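Worksheet: one structure, shown below.
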Amino acid sequence: MNMHPYRSRTPAHRAQSGAALVLSLVFLLILTTLAVTNMREVALESRTTGNLVNQKGCFNASEAGLRDGEYRISGKLTDATPGNYPSIPVASYGGSLVLAPPNASESCPADLPADQPCVLDQEPTFDQAFAAGEPGFAGVKEYSPDDSTVFEQDILWYAVPFIGGASLGESENPEYGNFQAGIGPSRHEVNASASDGDCRVDLRSTTLRVYL
Numbered sequence: 483m484n485m486h487p488y489r490s491r492t493p494a495h496r497a498q499s500g501a502a503l504v505l506s507l508v509f510l511l512i513l514t515t516l517a518v519t520n521m522r523e524v525a526l527e528s529r530t531t532g533n534l535v536n537q538k539g540c541f542n543a544s545e546a547g548l549r550d551g552e553y554r555i556s557g558k559l560t561d562a563t564p565g566n567y568p569s570i571p572v573a574s575y576g577g578s579l580v581l582a583p584p585n586a587s588e589s590c591p592a593d594l595p596a597d598q599p600c601v602l603d604q605e606p607t608f609d610q611a612f613a614a615g616e617p618g619f620a621g622v623k624e625y626s627p628d629d630s631t632v633f634e635q636d637i638l639w640y641a642v643p644f645i646g647g648a649s650l651g652e653s654e655n656p657e658y659g660n661f662q663a664g665i666g667p668s669r670h671e672v673n674a675s676a677s678d679g680d681c682r683v684d685l686r687s688t689t690l691r692v693y694l
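To convert, note that position 146 of the sequence shown is 628 in the working numbering; the numbers rise steadily by one, no gaps.
Put into structure tokens, the structure is as follows:
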């Protein structure tokens with residue numbers, strides 16, 4: 483009968499097994515930490531990308547508001563021109579008809595006709611006002627070029643006329659009566675705002691048109 487000697491585990495063997503287990507746990511902890519860090523970076527990049535996309539969307543929507551205001555102030559040449567825009571105003575001067583800039587009003591009420599631009603009779607200022615309670619607020623117009631153009635943001639705009647040269651524009655439109663008749667250069671400051679629950683972008687542009 484062959485007898486195999488019993489090999490008992492010495493303290494050195496048990497110490498080596500314990501060290502291997504500790505090293506395995508350390509490597510597992512390191513891998514877990516790296517995975518969690520990578521997931522956080524991916525989540526942060528996704529959030530940053532989403533914010534940039536949303537901000538870009540608000541910027542594009544606000545620019546659309548500027549273009550809408552500029553085109554409405556200019557007016558369309560004929561009634562057959564596409565879009566819900568007003569025709570260029572015509573004024574009588576010296577027995578003849580001339581093109582004229584749109585008239586400014588003290589406020590733009592909520593029931594302002596769709597084809598009437600929001601041009602406020604105000605002095606141009608650095609501040610912009612798009613909501614009740616903001617200094618200088620006198621009304622806005624919603625972006626609505628046609629039924630097929632839709633933005634996720636709320637787009638508002640308004641315009642303010644301003645005169646170049648002296649207080650009444652005599653230096654650039656010196657002929658008597660031209661300014662009152664709407665003849666000569668006409669400048670407008672167009673303000674637009676686009677906003678949703680996550681962003682808001684306010685923009686401003688200036689336009690110059692010469693009416694003859």
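The beta carbon of each residue, even a glycine, is placed where N, CA and C say it ideally should be. All values reported here derive from a predicted model rather than from experimental measurement.
Could you have a look at residue i and say whether DSSP puts it in helix, strand or coil?
i	result
THR688	strand
SER546	The sequence given here places Ala at residue 546; Ser does not occur at that position. If DSSP states are grouped into helix, strand and coil, ALA546 belongs with the helices.
ALA641	strand
ASN585	coil
LEU507	helix
GLY700	The structure shown does not extend to residue 700, since the chain spans only 483 to 694, so no value can be given for it.
CYS590	strand
GLU527	helix
GLU616	coil
GLU671	strand
ALA611	coil
SER556	helix
VAL683	strand
ALA502	helix
ALA596	coil
VAL535	helix
VAL580	Low confidence applies here, because VAL580 scores a pLDDT of 49, under 50, leaving its location unreliable and the question unanswered by this model.
VAL518	helix
TYR575	Caution applies to TYR575, whose pLDDT of 48 falls short of 50 and renders its modelled position unreliable; the value that the coordinates give is listed next. Three-state DSSP puts TYR575 in a strand.
What distance in whole Å lies between the Cβ atoms of residue j and residue i, which are believed to be in contact at a cut-off of 8 Å?
i	j	result
ILE555	PRO599	5 Å
CYS702	SER677	It is not possible to answer for residue 702, since the shown part of the chain is limited to 483 through 694.
ASN536	ASP680	5 Å
When you compare the CB positions of residue i and residue j, do they come within less than 7 Å of one another, or not?
i	j	result
GLN610	ASP550	no
THR688	GLU552	no
ARG686	SER668	no
VAL642	GLU671	yes
LEU586	VAL601	In the sequence as presented, Leu is not what sits at residue 586; that position holds Ala. In contact: ALA586 and VAL601 (Cβ atoms closer than 7 Å).
- prompt: Should the stretch 604 to 612 be called in touch with the stretch 501 to 518, which here means at least 3 C-beta pairs below 8 Å?
  reply: With the cut-off at 8 Å, the stretch 604 to 612 and the stretch 501 to 518 do not touch.
query: Are the stretch 544 to 554 and the stretch 636 to 646 in contact at 8 Å, needing three or more beta carbon pairs?
result: yes
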